[in-house]
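Peer 1:
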Amino acid sequence: MSASDPMELIYSLIGYPDETEWIEFKSNNNDADRIGKDISALANSAAYHGKDFAYKIWGVEDKTHALIGSSFSYLNARAEGNQYLNIWLATMMSSNASYEFIPVENNGLHFVVLKISAAAEQPVYFKNIAYIREGSSTTHLKPGSKEAELWRRLQRYGFETQAALEDLASADVFELLNTDVYFSLLGLKRPTDSEATFRPLIEQDILKRLDNGRLAITNLGALLLARKVSAFPGLRKRALRIIKFEGKANLSILDDRFFDEGYATALQKAEDYIMTSIPAKELTDGAFRKIQHAYPQAAIRELLVNTVIHQDMTVTTSGPFVSLYDNRIEFNNPGASLIPPNRVLNAQPKTRNDRLVKALRQMDLCEEGGTGWDRAVAACEEIHMLAPRIESSEDTGTKVTLFKGGAYRKMTKNERINALYWHCCLMYAQGESMSNQSLRERFGLEAERKNTLAMSRLLRECCENELIKEEDEDAGAKFKRYIPFWA
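Using my numbering, the letters of the sequence shown correspond one by one to residues 10 to 496.
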């Protein structure tokens, strides 16, 4: 909050007819214990009522809201053991408590604004006890329906709706966000005035109107529409990065490119960059010529989007990045997969970033939930290349690899088994089951006896390893069909 704005905020808050569950006025109360309880209560009440902040203001009469000034000094206030208030509070509040004392001088009167961020992820505690406001009173947050509802609401409001930058004027928003892209991708005409422009952005949690009348850009808004992601200090690791290496190892970097803009524009630019960076050849089909790339564009598009939407935004040491090698492309994002890696095809979709997914889907930059991996596998099968490989761990995050080439004769046994498994999952997702013939066609093999026998051996081995199972154990050898082990 800038130095010129606190008084505007005070004027805005005293406009409420009464104290609310997220606003409290005081004259000179300096009881440290009461202040700690109020921080907990106001933070939890703000979260309960969907407010970004709560406020405790010294220098305003609580009944009349008259500006009377205060002698309270948070810098000199003392707590138990004669400790300074700020130091004492830091040891007594739970680690998720976020608050700021702001001194204000106006017309010879002294005020203090205690600005408290709404609780996030869990209630805010003081001395290991959670408090909440009931009307204008501070009370214990006791087990019951209100506590349960608070927990439910805390899960709803996460990283995406938190402010990336706040206290902004209209001009600041237009300077920081590419709002034209928002309306263009949604096929909407851009309004001519600022307020009409901001209205849908506020409805979509891209912007928030603050209590002082100014604006905040949420993390969601910055991730989607930022002209420069690096302009938002808390999001600098979120810019999409593509590194092009020489050869098959990390020894020599040919190009290192950051797409320092919101995903609404960065995703298409990143896809174009990858497609121009990978090998391609020209094919002639009669009078027509077409370019065939080493990797299917549909798979690259889906995995690029997945890299962005499935990242764990709370990891501050790394962001989404893609590594290009001579023989493969690796898509990396922080955060382990929320779905077991062998179940990502046809599984119930899960994501950490629901609002981001919804917005990208509305902009036609993201497929319907759970179909991205299906499309990537199908695209690889169409040109008989190796199936994607997914690896996931809490320490290293999630990595999906596309491999160049994929002739059956050159595949290792593990690569053949991997391709078989994903083909089986894809067939099942499409309401069908895998057969010897469908598997042979997936590998691009001719209808010859030796190929049929090779597929039978591979199918039998995968059944023995319990990757797949027979759909009907009583079916004859020629009519056997297979489904995933988990079906």
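Glycine residues also receive a C-beta, built at the ideal position from the N, C-alpha and C atoms.
#1: With burial defined as no fewer than 16 other Cβ atoms inside 10 Å of the residue's Cβ, what is the status of Trp-97: buried or exposed?
#2: Compare the beta carbon distance of Gly-59 and Ser-36 with 8 Å and say whether it is the shorter of the two.
#3: Please say whether Val-190 and Ala-273 have beta carbons closer to each other than 8 Å?
#4: Using the Cβ count rule (16 or more neighbours within 10 Å means buried), how would you classify Leu-292?
#5: State the CB to CB distance for the pair Ala-396 and Asn-427, rounded to an integer number of angstroms; the pair is presumed to be in contact (CB under 8 Å).
#6: Using the Cα positions of Glu-280 and Ile-309, report the straight-line distance between them to the nearest angstrom.
#7: Rounding to the nearest angstrom, what Cα-Cα distance links Ser-346 and Glu-403 in this structure?
#8: In the DSSP output, which residue or residues are listed as bridge partners for Ser-21?
#9: Report the residue from Asn-137, Ser-203, Thr-170 whose alpha carbon sits nearest the alpha carbon of Ala-180.
#10: Is the Cβ-Cβ distance between Leu-244 and Ala-173 less than 8 Å?
#11: I believe Lys-408 touches Asn-341 by the beta-carbon criterion, under 8 Å. Please report the beta-carbon distance rounded to the nearest angstrom.
#12: Determine the burial state of Pro-132: buried for a count of at least 16 other Cβ atoms within 10 Å of its Cβ, exposed for fewer.
#13: Run through DSSP, which three-state label would Thr-188 get?
#14: Going by C-alpha to C-alpha distance, which of Arg-208, Ser-154, Leu-234 sits closest to Ser-193?
#15: Less than 8 Å separating the beta-carbons of Val-317 and Pro-329?
#16: Nearest CA to the CA of Ser-104: which residue from Asp-14, His-119, Lys-136, Ala-63?
#17: Ignoring anything shorter than 4 residues, give me the alpha helix (DSSP H) runs that lie fully in the region 226-308, in order along the chain.
#18: Restricting to Cα atoms, I'd like to know which of Ile-44, Arg-162, Pro-152 is closest to Val-122.
#19: Kindly give me the distance between the Cβ atoms of Met-420 and His-432, rounded to whole angstroms, as I take these residues to be in contact under 8 Å.
#20: I want to see whether chain B comes within less than 8 Å of Leu-312, judged by CB atoms only; does it?
#21: To the nearest angstrom, how far is the alpha carbon of Leu-467 from that of Asn-187?
#22: What separation, rounded to the nearest whole angstrom, lies between the Cα atoms of Tyr-430 and Pro-493?
#23: Report the three-state DSSP secondary structure of Thr-148 (helix, strand or coil).
#24: Which residue from Ala-41, Lys-124, His-74 puts its Cα closest to that of Ala-88?
#25: DSSP has Phe-452 in a bridge; who is on the other side?
#26: Distance, Cα to Cα, Glu-390 vs Phe-183?
#27: Using alpha carbons as the reference points, say which of Gly-144, Glu-175, Ile-138, Ser-126 lies closest to Leu-163.
#28: Where His-119 and Gln-213 are concerned, what is the direct C-alpha to C-alpha distance, given to the nearest angstrom?
#29: Cβ of Leu-18 within 8 Å of Cβ of Asn-351?
#30: Go ahead and pull the three-state DSSP assignment for Pro-200.
#31: Glu-156 to Cys-434, Cα distance in whole Å?
#32: Secondary structure at Gly-344, three-state DSSP: helix, strand or coil?
#33: Less than 8 Å between the beta carbons of Thr-227 and Lys-217, yes or no?
#34: Measure the alpha-carbon distance for Ala-129 versus Ile-338 and round it to whole angstroms.
#35: In its own chain, which residues sit with a C-beta less than 6 Å from the C-beta of Ala-12, not counting the 5 before and 5 after it?
#36: Which residue marks the beginning of the beta strand (DSSP E) containing His-319, and which one marks its end?
Peer 2: With the given structure in hand:
#1: Translated into positions along the sequence shown, residue 97 becomes position 88. Trp-97 comes out buried.
#2: As a working note, residue 59 is residue 50 in the sequence shown. As a working note, residue 36 is residue 27 in the sequence shown. No, the pair does not count as a contact, with Cβ atoms beyond the cut-off.
#3: In the sequence shown, the residue the question calls residue 273 occupies position 264. In the sequence shown, the residue the question calls residue 190 occupies position 181. Yes, the pair counts as a contact, with Cβ atoms nearer than the cut-off.
#4: Along the sequence shown, read from residue 1 onward, the residue named residue 292 stands at position 283. Looking at its Cβ environment, which holds fewer than 16 other Cβ atoms inside 10 Å, Leu-292 is exposed.
#5: On the sequence shown, position 387 is the one that residue 396 refers to. On the sequence shown, position 418 is the one that residue 427 refers to. With a Cβ gap of about 5 Å, Ala-396 and Asn-427 count as contacting.
#6: Translated into the one-based positions of the sequence shown, residue 280 becomes position 271. Translated into the one-based positions of the sequence shown, residue 309 becomes position 300. Spanning the two alpha carbons is a distance of roughly 7 Å.
#7: Here residue 346 refers to the residue found at position 337 of the sequence shown. Here residue 403 refers to the residue found at position 394 of the sequence shown. One alpha carbon belongs to Ser-346, the other to Glu-403, and they sit about 9 Å apart.
#8: Position 12 of the sequence shown, counted from the start, is the residue given in the question as residue 21. Ser-21 is not bridged to any residue.
#9: Residue numbering aside, residue 180 sits at position 171 when the sequence shown is read from its first letter. Comparing Cα-Cα distances from Ala-180 to each of Asn-137, Ser-203, Thr-170, the minimum goes to Ser-203.
#10: Residue 244 sits at position 235 when you count from the first residue of the sequence shown. Residue 173 sits at position 164 when you count from the first residue of the sequence shown. It is a contact, given that the beta carbons lie within the stated cut-off.
#11: Mapped onto the sequence shown, residue 408 falls at position 399. Mapped onto the sequence shown, residue 341 falls at position 332. About 5 Å separates the Cβ atoms of Lys-408 and Asn-341, confirming a contact at the 8 Å cut-off.
#12: Residue mapping note: residue 132 aligns to position 123 of the sequence shown, counting from 1. With 16 or more Cβ atoms within 10 Å of its Cβ, Pro-132 is classed as buried.
#13: In the sequence shown, counting from the first residue as 1, residue 188 sits at position 179. Three-state DSSP puts Thr-188 in a helix.
#14: Within the sequence shown, the letter at position 184 stands for residue 193. Ser-193 has its Cα closest to that of Leu-234, out of Arg-208, Ser-154, Leu-234.
#15: To locate residue 317, count along the sequence shown from 1; it is residue 308. To locate residue 329, count along the sequence shown from 1; it is residue 320. Cβ distance < 8 Å, so Val-317 and Pro-329 count as in contact.
#16: Taking the first residue of the sequence shown as position 1, residue 104 is located at position 95. Out of Asp-14, His-119, Lys-136, Ala-63, Lys-136 has the C-alpha closest to the C-alpha of Ser-104.
#17: Runs of the alpha helix (DSSP H) inside the region 226-308: 228-234, 272-286.
#18: Reading the sequence shown from its first residue, position 113 is the one you call residue 122. Looking at the Cα atoms, Ile-44 is the closest of the given residues.
#19: The residue you call residue 420 lines up with position 411 of the sequence shown. The residue you call residue 432 lines up with position 423 of the sequence shown. That belief does not hold up - the Cβ atoms of Met-420 and His-432 are roughly 13 Å apart, past 8 Å.
#20: In summary, chain B is missing from the structure at hand, where a single protein chain is found.
#21: By one-based count along the sequence shown, residue 467 stands at place 458. By one-based count along the sequence shown, residue 187 stands at place 178. Looking at the backbone, the Cα of Leu-467 and that of Asn-187 are separated by about 53 Å.
#22: In the sequence shown, residue 430 corresponds to position 421, counting from 1. In the sequence shown, residue 493 corresponds to position 484, counting from 1. Tyr-430 and Pro-493: Cα-Cα distance of roughly 7 Å.
#23: Mapped onto the sequence shown, residue 148 falls at position 139. Judged by DSSP in its simplified three-state form, Thr-148 adopts strand.
#24: On the sequence shown, residue 88 is found 79 positions in, with the first residue counted as 1. Closest in C-alpha terms to Ala-88, from the list Ala-41, Lys-124, His-74, comes Ala-41.
#25: For the purposes of this step, residue 452 is identified with residue 443 of the sequence shown, where counting begins at 1. Within the DSSP secondary-structure output, Phe-452 pairs in no beta bridge.
#26: To locate residue 390, count along the sequence shown from 1; it is residue 381. To locate residue 183, count along the sequence shown from 1; it is residue 174. So the alpha carbons of these two residues sit roughly 44 Å apart.
#27: If you number the sequence shown from 1, residue 163 lands on position 154. When only C-alpha atoms are compared, the closest one is Ser-126.
#28: Working through the sequence shown from its first residue, we reach residue 119 at position 110. Working through the sequence shown from its first residue, we reach residue 213 at position 204. Those two C-alpha atoms are separated by around 38 Å.
#29: Taking the first residue of the sequence shown as position 1, residue 18 is located at position 9. Taking the first residue of the sequence shown as position 1, residue 351 is located at position 342. No, the Cβ-Cβ distance between Leu-18 and Asn-351 is not below 8 Å.
#30: Here residue 200 corresponds to residue number 191 of the sequence shown, with the count starting at 1. DSSP places Pro-200 in coil when its eight states are reduced to three.
#31: For the purposes of this step, residue 156 is identified with residue 147 of the sequence shown, where counting begins at 1. For the purposes of this step, residue 434 is identified with residue 425 of the sequence shown, where counting begins at 1. Using only the alpha carbons, I get a separation of about 42 Å.
#32: For the purposes of this step, residue 344 is taken as the residue at position 335 of the sequence shown. Coil at Gly-344, not helix or strand.
#33: As a working mapping, residue 227 is identified with position 218 in the sequence shown. As a working mapping, residue 217 is identified with position 208 in the sequence shown. A Cβ-Cβ contact shorter than 8 Å links Thr-227 with Lys-217.
#34: Position 120 of the sequence shown, counting from 1, holds the residue named residue 129. Position 329 of the sequence shown, counting from 1, holds the residue named residue 338. Between the alpha carbons of Ala-129 and Ile-338 lies a distance of about 37 Å.
#35: Looking up residue 12 in the sequence shown gives position 3. Summary for Ala-12: the model assigns pLDDT 40, below 50, so the residue's position carries little reliability; its value from the coordinates is reported in the next sentence. Within the same chain, no Cβ atom closer than 6 Å to the Cβ of Ala-12 is found once the five residues on either side in sequence are excluded.
#36: By 1-based counting over the sequence shown, the position of residue 319 is 310. Per DSSP, His-319 belongs to no beta strand (DSSP E) and is neither H nor E.
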